[in-house]
Each structure stands twice: as C-alpha cells, then as structure tokens.
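Participant: According to the working numbering, the sequence shown holds residues 5 to 280 in order. Quick reminder that beta carbons are idealized off the backbone N, C-alpha and C, glycines included.
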Amino acid sequence: MAVKGEGVPETWYSYLVWGVFCFTLFKYSNSTLSPAKSPAFNTLAPPTVLPDDPCMSVGHDFTLAGAQLAALGSGALWWAKQRLLCVSDLHLGKSERIIRRGGSALPPYETRDTLARLEADLEHHPAQTVICLGDSFDDLDAARALPEQERLWIARLQAGRRWIWVEGNHDPGPIDVGGSHLDEVSIDALTFRHIADPSCNGEVSGHYHPKASLSMRGRTVSRSAFLYDSERLIMPAFGTYTGGLRSTSDTLARLMLPGSIAVLTGPRPTAIPMPR
C-alpha cells in the first residue's frame with residue numbers, strides 16, 4: 005500500500021493514487037492489439053504463447069546471431085537455451101530520487117511493482133541466469149535508500165541463480181545487493197551491454213527506453229518496445245516509472261538498420277515494422 009507523504013493534502017493525494025491506478029490498469033489490461041488491418045503484419049510471425057504462462061509471458065520469437073530469443077510482453081527477454089532472463093533499466097528507487105530533487109511527490113510503490121513483475125517472469129521461466137542490463141538503480145542514494153523489505157525481496161529473487169548487474173550510466177557501481185557487477189557480458193555469440201555500440205554485432209543493449217506507436221481503429225496506441233534487426237536488439241525499460249524515446253527519433257533511426265522490427269509490449273506482444 006502506498007504511504008502518504010507528510011504535508012500532502014489528502015484529496016490531492018487520493019486523486020494522484022487513483023490516476024496512477026487507472027494508468028496501470030490501462031497499461032496492463034487484457035485488451036490486445038490486433039494487427040488484422042495492417043498489411044505489414046502479413047510478413048511477421050504471430051506471437052507464441054510460452055508453456056505454463058497464462059499472462060504477460062506471451063513471447064514474440066526471433067533470432068539474433070543464431071540465438072533463439074523471445075521478447076516477452078512484460079518487457080523481459082527470454083533465452084531458453086541458456087535459461088537466461090534479461091531485463092533492462094529497472095531504475096529502482098526512482099520515486100525517492102524525484103522527491104529528493106524537489107520533484108512532485110509520487111506514490112513510492114514503483115520498486116515493489118517492478119520487483120513483482122520481475123518475480124512473475126521468474127516464476128514462469130526456469131532462469132538460471134538473470135542479467136539486469138544497466139540503470140538498475142536510479143542513483144547511489146536511491147540504492148542506499150531501498151527499504152530492508154525490498155532488499156530482502158531482491159535477495160530472494162537472486163537465490164539459486166547467477167545474477168549479473170551490468171553497469172549503466174545511472175548505476176552507482178558495486179553496492180551490497182548481491183550478484184556480480186560487470187561492464188558487459190558475452191555468452192555464445194551475444195554481448196550484453198548497457199549502451200549500444202554501432203560497430204558491434206550480436207549485441208543486446210538498453211539505455212534508450214524505446215517505445216513505438218501503432219494506429220488502429222481510429223486511435224494510436226503507444227507502448228514500450230523491443231527494437232531489433234540482424235545485428236542488435238535494444239531492450240525496453242522494465243522499470244515502472246520510466247519514460248521512453250520514440251522509435252522515430254534520429255538516435256534510434258541511426259542505430260537500427262532498414263527493415264528493423266518493433267515489438268510492442270503488453271499482454272500480447274505485437275511486432276510491426278519499426279516506425280521511422
């Protein structure tokens with residue numbers, strides 16, 4: 005349950021909590037994107053429902069550098085052969101950092117929500133390795149301010165698994181939260197790093213929080229998205245309080261090859277040609 009901050013008017017706070025609840029309900033509702041009216045979908049494989057997973061672990065299957073991967077509706081990446089789950093840009097403690105820097109008070113539930121969604125993915129996928137692909141904490145003070153309950157939650161998720169924190173530009177460096185802290189990780193033909201290197205192939209990165217939009221039935225739906233081509237994958241942000249960079253931005257257009265695919269997250273991940 006969210007805890008009201010001192011001095012915050014109760015009516016204002018109630019409206020804010022209700023607004024966040026409605027936004028979350030809309031974002032993770034059971035409504036699905038239907039590609040039926042878009043001819044671009046005729047050349048794309050349909051999503052695949054992964055075994056024993058009734059909710060957000062529907063996956064869009066694709067291949068990168070010979071690795072068979074699944075982009076999950078939650079925003080996580082599943083590599084079944086390696087029993088590896090990868091998430092990017094958790095930004096744990098973001099609400100604490102916003103308040104500390106004089107921003108608007110937000111219900112401090114975002115870390116719990118992010119960890120709950122990560123736990124759900126781990127319950128449905130037998131991951132032996134977890135890679136957190138950078139910007140896992142919003143800054144050093146946010147990491148230090150994590151309540152003991154949330155630290156214990158992270159420790160419980162780590163138990164029995166190889167847990168790797170890849171360093172990102174927000175990350176404070178090695179802190180006492182378990183796991184290994186590395187600049188990048190190479191497994192088979194794939195390299196996991198926080199920020200994309202245009203000169204590399206077989207790369208999985210994060211940092212940009214990509215999102216993409218799809219117009220259908222007279223409205224436009226915008227969601228966080230995976231972007232991939234024959235050389236690289238850019239992961240969506242997994243954290244709850246994270247904005248996004250549109251796939252039409254010059255930065256992403258320069259990184260991604262012609263013919264790139266965007267996979268919109270949600271209960272049924274939807275693959276479309278990457279909007280440019």
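Excluding sequence positions up to five away, which residues of its chain have a Cβ less than 6 Å from the Cβ of residue 88?
Facilitator: Numbered from 1 along the sequence shown, position 84 holds the residue referred to as residue 88. Once the five neighbours on either side are set aside, the close Cβ partners of residue 88 are 133.
Participant: Applying the 10 Å Cβ sphere with the 16-neighbour rule, what's the burial state of residue 90?
Facilitator: Walking along the sequence shown from the start, residue 90 turns up at place 86. With 16 or more other Cβ atoms within 10 Å, it is buried.
Participant: Decide if residue 238 is buried, meaning its Cβ has at least 16 other Cβ atoms within 10 Å, or exposed.
Facilitator: Locating residue 238 in the sequence shown gives position 234, where the first residue counts as 1. Result: buried.
Participant: Rounding to the nearest angstrom, what Cα-Cα distance links residue 280 and residue 68 in this structure?
Facilitator: Residue 280 sits at position 276 when you count from the first residue of the sequence shown. Residue 68 sits at position 64 when you count from the first residue of the sequence shown. Their Cα atoms are separated by approximately 21 Å.
Participant: With a threshold of 7 Å on Cβ separation, who are the neighbours of residue 86 within its own chain once the five nearest residues in sequence on each side are excluded?
Facilitator: Counting from 1 along the sequence shown, the entry for residue 86 is found at position 82. Answer for residue 86: 133, 191, listed in chain order.
Participant: Check whether the region 77-86 touches the region 270-279, taking contact to mean three or more Cβ pairs, one atom from each stretch, closer than 8 Å.
Facilitator: Yes, since at least three Cβ pairs between the region 77-86 and the region 270-279 fall closer than 8 Å, the two stretches touch.
Participant: Would you report the Cα separation of residue 269 and residue 145, rounded to the nearest angstrom?
Facilitator: Working through the sequence shown from its first residue, we reach residue 269 at position 265. Working through the sequence shown from its first residue, we reach residue 145 at position 141. Each residue's alpha carbon lies about 30 Å from the other.
Participant: Does the distance from the CB of residue 114 to the CB of residue 212 come in under 8 Å?
Facilitator: In the sequence shown, residue 114 corresponds to position 110, counting from 1. In the sequence shown, residue 212 corresponds to position 208, counting from 1. Not a contact, by the Cβ cut-off of 8 Å.
Participant: Compute the distance between the beta-carbons of residue 231 and residue 278, then report whether it is under 8 Å.
Facilitator: The residue labelled residue 231 in the question sits at position 227 within the sequence shown. The residue labelled residue 278 in the question sits at position 274 within the sequence shown. In contact: residue 231 and residue 278 (Cβ atoms closer than 8 Å).
Participant: Give the secondary structure of residue 135 by DSSP, where H, G and I count as helix, E and B as strand, and everything else as coil.
Facilitator: As a first step, residue 135 must be located in the sequence shown, where it is residue number 131. Three-state result, residue 135: strand.
Participant: Given that a residue counts as buried once 16 or more other Cβ atoms are within 10 Å of its Cβ, and exposed if not, what is residue 147?
Facilitator: Mapped onto the sequence shown, residue 147 falls at position 143. Buried.
Participant: Using the Cβ count rule (16 or more neighbours within 10 Å means buried), how would you classify residue 234?
Facilitator: Your numbering for residue 234 matches position 230 in the sequence shown. Exposed, since its Cβ has fewer than 16 Cβ neighbours within 10 Å.
Participant: May I have the straight-line CA-CA distance separating residue 117 from residue 189, to the nearest angstrom?
Facilitator: In the sequence shown, residue 117 corresponds to position 113, counting from 1. In the sequence shown, residue 189 corresponds to position 185, counting from 1. Near 27 Å, if we compare the C-alpha coordinates of residue 189 and residue 117.
Participant: Counting along the chain, where does the alpha helix (DSSP H) carrying residue 71 start and finish?
Facilitator: Against the sequence shown, residue 71 aligns to sequence position 67. Where residue 71 is concerned, there is no enclosing alpha helix (DSSP H), although the beta strand (DSSP E) it sits in stretches over 71-76.
Participant: What would DSSP say about residue 186, mapped onto helix, strand or coil?
Facilitator: In the sequence shown, residue 186 corresponds to position 182, counting from 1. Residue 186: strand per DSSP, three-state reduction.
Participant: Here's the rule I'm using: 16 or more other beta-carbon atoms within 10 Å means buried, otherwise exposed. How should residue 172 be labelled?
Facilitator: In the sequence shown, the residue the question calls residue 172 occupies position 168. Residue 172 is buried by the Cβ-count criterion.
Participant: Using DSSP's beta-bridge definition, name the partner residues of residue 232.
Facilitator: By 1-based counting over the sequence shown, the position of residue 232 is 228. Answer by DSSP bridge pairing, in chain order: 237, 265.
Participant: Among the residues of its own chain, which have a CB less than 6 Å from the CB of residue 266, if the five just before and after it don't count?
Facilitator: Against the sequence shown, residue 266 aligns to sequence position 262. So the list reads 216, 229, 231, 251, 276, 278, once near-sequence residues are dropped.
Participant: DSSP three-state label for residue 150, please.
Facilitator: Counting from one through the sequence shown, the residue named residue 150 turns up at place 146. DSSP places residue 150 in coil when its eight states are reduced to three.
Participant: Quick one: Cα of residue 220 to Cα of residue 226, how far?
Facilitator: Residue mapping note: residue 220 aligns to position 216 of the sequence shown, counting from 1. Residue mapping note: residue 226 aligns to position 222 of the sequence shown, counting from 1. Each residue's alpha carbon lies about 11 Å from the other.
Participant: Would you kindly check if the distance between the Cβ of residue 95 and the Cβ of residue 139 is under 8 Å?
Facilitator: Counting from 1 along the sequence shown, the entry for residue 139 is found at position 135. Counting from 1 along the sequence shown, the entry for residue 95 is found at position 91. Closer than 8 Å, so yes.
Participant: Taking only the alpha-carbon atoms, compute the straight-line gap between residue 162 and residue 193 and give it to the nearest angstrom.
Facilitator: Numbered from 1 along the sequence shown, position 158 holds the residue referred to as residue 162. Numbered from 1 along the sequence shown, position 189 holds the residue referred to as residue 193. In a straight line, the C-alpha of residue 162 is about 25 Å away from that of residue 193.
Participant: Could you pull out every residue in the same chain whose Cβ sits closer than 6 Å to the Cβ of residue 167, ignoring the five residues on either side in sequence?
Facilitator: Locating residue 167 in the sequence shown gives position 163, where the first residue counts as 1. Result list for residue 167: 134, 183, in chain order.
Participant: Could you compute how far the alpha carbon of residue 243 sits from the alpha carbon of residue 210?
Facilitator: In the sequence shown, counting from the first residue as 1, residue 243 sits at position 239. In the sequence shown, counting from the first residue as 1, residue 210 sits at position 206. In a straight line, the C-alpha of residue 243 is about 12 Å away from that of residue 210.
Participant: Quick one: what does DSSP say residue 51 is sitting in, helix, strand or coil?
Facilitator: Here residue 51 refers to the residue found at position 47 when the sequence shown is read from its first residue. Summary for residue 51: the model assigns pLDDT 46, below 50, so the residue's position carries little reliability, and this model does not support an answer.
Participant: What is the DSSP secondary structure of residue 207, counted as helix, strand or coil?
Facilitator: Start at 1 with the first residue of the sequence shown, and residue 207 comes out as number 203. The answer is strand: DSSP assigns residue 207 an E or B state.
Participant: Would you decide whether residue 136 is buried or exposed? Buried here means 16 or more other CB atoms lie within 10 Å of its CB.
Facilitator: If you number the sequence shown from 1, residue 136 lands on position 132. Classification of residue 136: buried, given that the 10 Å Cβ count is 16 or more.
Participant: Can you tell me which of 179, 223, 214 puts its alpha carbon nearest to the alpha carbon of residue 249?
Facilitator: Against the sequence shown, residue 249 aligns to sequence position 245. The shortest C-alpha separation from residue 249 is found at 214.
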